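Below is one structure, written out as structure tokens; comments come after it.
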Amino acid sequence: MDTDFRVAGTNDNAPFSLTIHRGDGMLLLAMDWKVGRPPADFAGFAIQYREPDKDFFKNVRNRIGFPGQVVPTSGIKTVDAPIQKFRWVHFPFNADLEGKFRYRITAMFMGPDGTLKEGEAQEAELALMRETIPGKLNVAFTRGFVSSQAFVRNFAAGGPLISLVPPFGDEGLEFVPTHAEPERAYAWMGFEARKETLALLDQAKDAGAEVRVIAYDMNLPEVLERLEALGTKLKIIIDDSARTKGHGRPDSPETKAAERLKLTAGASNVKRQHMSNLQHQKSIAVRGGGLESVVYGSTNLSWRGLFVQSNNSFVVHGTKAVDDYFDAFETYFTAKNGGAFRKSASSANWFDLGLEGIDAKVAFSPHNDEHGKLEEIAADIDAAQSSVFFSLAFLGQMTKGPIGPALGRALERPNVHVMGIADGRIREGNLGLDVLTPDNKRRLVRPEALTRDVPPPFSTEPSGLSGIDGKGRGTRMHHKFVVVDFDRPTACVYLGSYNFSEPADDENGDNPVVIRDRTVAPSYMIEALRLYAHYIFRVVASGHDG
19 MDTDFRVAGT NDNAPFSLTI HRGDGMLLLA MDWKVGRPPA DFAGFAIQYR
69 EPDKDFFKNV RNRIGFPGQV VPTSGIKTVD APIQKFRWVH FPFNADLEGK
119 FRYRITAMFM GPDGTLKEGE AQEAELALMR ETIPGKLNVA FTRGFVSSQA
169 FVRNFAAGGP LISLVPPFGD EGLEFVPTHA EPERAYAWMG FEARKETLAL
219 LDQAKDAGAE VRVIAYDMNL PEVLERLEAL GTKLKIIIDD SARTKGHGRP
269 DSPETKAAER LKLTAGASNV KRQHMSNLQH QKSIAVRGGG LESVVYGSTN
319 LSWRGLFVQS NNSFVVHGTK AVDDYFDAFE TYFTAKNGGA FRKSASSANW
369 FDLGLEGIDA KVAFSPHNDE HGKLEEIAAD IDAAQSSVFF SLAFLGQMTK
419 GPIGPALGRA LERPNVHVMG IADGRIREGN LGLDVLTPDN KRRLVRPEAL
469 TRDVPPPFST EPSGLSGIDG KGRGTRMHHK FVVVDFDRPT ACVYLGSYNF
519 SEPADDENGD NPVVIRDRTV APSYMIEALR LYAHYIFRVV ASGHDG
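If you read the sequence shown in this note's numbering, its first letter stands for residue 19, the second for the next number, and so on.
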């Protein structure tokens with residue numbers, strides 16, 4: 019089985035090189051001019067691809083044309099309106115097809131009369147795997163793109179965003195969509211993360227497997243109904259933190275879900291807790307009936323978690339990973355509070371996920387000072403040799419701990435390429451003093467939407483925020499991951515429910531995961547890059563590009 023994570027074009031006569039990096043249901047096309055700068059008549063790249071077992075190439079299309087070109091709804095073929103970028107993230111429509119996708123990238127040149135001429139092309143092919151590493155692990159993302167032209171083009175005609183997603187979280191369990199095509203929209207919005215989550219719960223029911231779940235947000239009926247169907251095979255912990263409008267309220271969706279699950283799983287199988295602050299995990303484990311899988315990541319079992327926010331799920335298969343999770347779950351379940359958990363063996367160490375040939379580990383917090391993970395993660399960021407990509411919800415709120423300053427130090431190193439996104443504006447206080455030079459600011463973005471004064475051919479986008487009018491609050495970028503040196507043998511990714519903050523380390527129930535693997539790292543690098551590329555234009559268009 020072909021598991022290449024990177025392939026290159028082989029045409030020595032082409033004036034540019036081509037490298038293709040494989041992601042989750044997507045790939046990154048990276049072009050580099052071989053000698054000097056491109057000539058003045060260079061007009062960009064035409065991008066075409068051929069699906070497995072097909073004998074024709076499809077054209078990637080551009081929504082922006084040359085002056086005077088008519089832009090149809092479907093866009094212009096890039097042979098007629100080349101892509102004027104040296105990188106492009108592509109989502110093949112049928113990415114789950116078995117076999118290799120072949121890409122043809124052609125340098126295009128424009129004569130004095132405006133006529134386009136094809137230059138030399140580079141071609142390369144690779145398989146977009148159904149699983150990142152078959153039989154061992156899978157990286158799965160939500161689409162996280164309601165503030166996008168793609169969402170508007172595909173679904174706006176069927177109704178506004180509030181016809182698909184409740185405007186307020188408290189309405190989640192009772193919400194019924196009124197959109198014309200909700201299932202098609204949900205499949206697109208939830209992408210691979212939704213598919214993996216629902217499929218695992220369905221398989222667990224069919225197999226009669228034991229299921230363990232730790233949930234922070236929970237207001238999504240399609241998940242709750244599947245959990246109810248598991249009966250007494252389910253054991254679950256649901257956060258009951260007592261913040262204003264918190265999960266511990268008698269009328270919160272989480273409380274309602276817990277009461278419903280007590281009727282099906284039994285009261286003794288349902289636990290509410292918040293450790294020393296939050297029970298912040300979003301994890302599922304299944305054991306029995308031929309199934310051994312654990313889901314980690316940032317994706318809450320909620321409407322926003324699966325359908326609005328940018329999130330990831332990390333699915334691991336194997337006996338050791340499942341057994342260690344079940345043990346940690348029981349420790350959480352019986353712990354009276356965060357202090358009791360800190361004293362346990364579950365809190366003390368990294369646990370190897372038991373994946374042959376892959377260095378991958380998980381830890382369970384809260385930790386005491388001796389066993390905290392933040393300094394270790396910061397040291398890996400400081401050791402970066404080529405690049406740091408990150409997507410960190412709540413970085414804009416982080417004023418303590420070593421992670422922000424480590425990212426700031428990386429930004430100041432000229433030999434390390436740093437690029438990232440946070441859920442809100444990043445300030446110097448988040449990264450250390452005197453870090454945000456004008457150049458550095460452009461390497462850090464946050465979610466924005468095209469909500470006003472939108473020039474054609476673009477359309478106004480949903481904000482992705484809460485409320486009937488979309489002017490409320492809400493996190494749109496919810497990932498928590500850092501990628502270090504994706505292109506080196508030392509590549510590593512940190513991810514999980516863990517916010518890379520002091521509360522995540524020593525107060526909350528959380529699960530940092532680290533994977534040192536060159537197949538996994540590009541998936542997260544491409545996700546960070548596609549979010550950066552999507553939002554940098556919107557941040558600049560908003561007039562708040564600082």
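All C-beta atoms, glycine included, are put in the ideal place defined by N, C-alpha and C.
Every value quoted in this text rests on a predicted model; they were computed, and no experiment measured them.
With a Cβ-Cβ cutoff of 8 Å, do proline 271 and glycine 187 count as a contact? yes
For valine 538 versus valine 157, is the C-beta spacing smaller than 8 Å? yes
Task: Rounded distance between the beta-carbons of threonine 96 and isoleucine 65, thought under 8 Å - done: 5 Å
#### Entry: Assigned secondary structure, isoleucine 399 (DSSP; H/G/I helix, E/B strand, else coil)
helix
| request: Name, in chain order, the residues that DSSP records as bridge partners for glutamine 297. | output: Gly527
Determine the extent of the alpha helix (DSSP H) in which phenylalanine 169 is found, giving its start and end residues.
167-173
query = Can the beta-carbon of serine 181 be found closer than 8 Å to that of glutamate 479?
reply = no
message = Does any residue of chain B have a CB that is nearer than 8 Å to the CB of lysine 300?
response = The chain labelled as chain B is not found in the depicted structure, where only one protein chain is given.
Tyrosine 550, DSSP secondary structure in three states
helix
How is asparagine 156 classed by DSSP in three states: helix, strand or coil?
-> strand
TODO: Per DSSP, which residues does isoleucine 94 bridge with? Please list them.
DONE: Asn80
Verify whether the separation of the beta carbon atoms of glutamine 327 and aspartate 528 is less than 8 Å.
no
**Prompt:** For asparagine 386, which beta-bridge partners are listed by DSSP?
**Reply:** Partner(s): none; asparagine 386 has no beta bridge.
Original post:
Any idea what DSSP makes of lysine 427, helix, strand or coil?
Top reply: Looking at the sequence shown, residue 427 is not lysine but arginine. Reduced to three states, the DSSP call for arginine 427 is helix.
Task: Cα-Cα separation between leucine 155 and glutamate 520, rounded to whole angstroms - done: 29 Å
**Prompt:** Going by beta carbon distance, what residues of the same chain come within less than 8 Å of glycine 284, once the five residues before and after it are set aside?
**Reply:** Thr250
Opposite histidine 108 in the DSSP bridges: which residues?
Leu45
- Query: Tell me which same chain residues have a C-beta within less than 6 Å of the C-beta of lysine 135, skipping the five on either side of it?
  - Reply: Phe127
- Message: Could you compute how far the alpha carbon of leucine 483 sits from the alpha carbon of asparagine 237?
- Response: 17 Å
* Asked: With distances taken between CB atoms, is the gap from tyrosine 121 to glutamate 143 smaller than 8 Å?
  -> yes
Practice task
Locate the alpha helix (DSSP H) running through asparagine 448, then write down its first and last residues.
Solution key: 446-449
- Do you know whose CA, among Ser259, Gly306, Arg427 and Gln102, lies nearest isoleucine 82's CA? Gln102
Which of helix, strand or coil DSSP assigns to phenylalanine 16: The structure shown has nothing for residue 16, since the chain only spans 19 to 564.
- request: Taking only the alpha-carbon atoms, compute the straight-line gap between isoleucine 151 and tyrosine 350 and give it to the nearest angstrom.
  value: 30 Å
Note to self: In the DSSP assignment, the beta strand (DSSP E) including glutamate 192 goes from what residue to what residue?
What the structure shows: Per DSSP, glutamate 192 belongs to no beta strand (DSSP E) and is neither H nor E.
Leaving out five residues on either side along the sequence, give the residues of the same chain with a beta carbon under 8 Å from the beta carbon of leucine 547. Leu46, Arg105, Val107, Phe407 and Met437
> By a C-beta neighbour count over all protein chains shown, 10 Å radius and 16 as the cutoff for buried, is phenylalanine 555 buried or exposed?
Replying inline: exposed
Could you check which residue in Trp51, Glu189, Arg24 and Ile38 has the C-alpha nearest to that of asparagine 31?
-> Trp51
- Task: Assign glycine 357 to one of three DSSP states: helix, strand, or coil.
- Result: helix
Check: Is it true that the CB of glycine 93 sits closer than 8 Å to the CB of arginine 79?
Finding: yes
Grab the span of the beta strand (DSSP E) containing phenylalanine 407 for me, first residue to last. 405-410
**OP:** Provide the residue span of the alpha helix (DSSP H) that contains aspartate 457, from first to last.
**Re:** 456-459
Q) Pick from Gly514, Gly372 and Phe332: whose alpha carbon is nearest that of serine 341? A) Position check: residue 341 holds aspartate in this sequence, whereas serine was assumed. With distances taken between Cα atoms, aspartate 341 lies closest to Gly372.
**OP:** Classify alanine 467 as buried or exposed, calling it buried when 16 or more other Cβ atoms lie within 10 Å of its own Cβ.
**Re:** buried
As a quick exercise: from Ala428, Lys489 and Gln415, pick the residue whose alpha carbon is nearest that of asparagine 448. Gln415
message: Counting C-beta neighbours from all protein chains within 10 Å, is the total for glutamine 403 16 or more, i.e. buried, or is it exposed?
response: exposed
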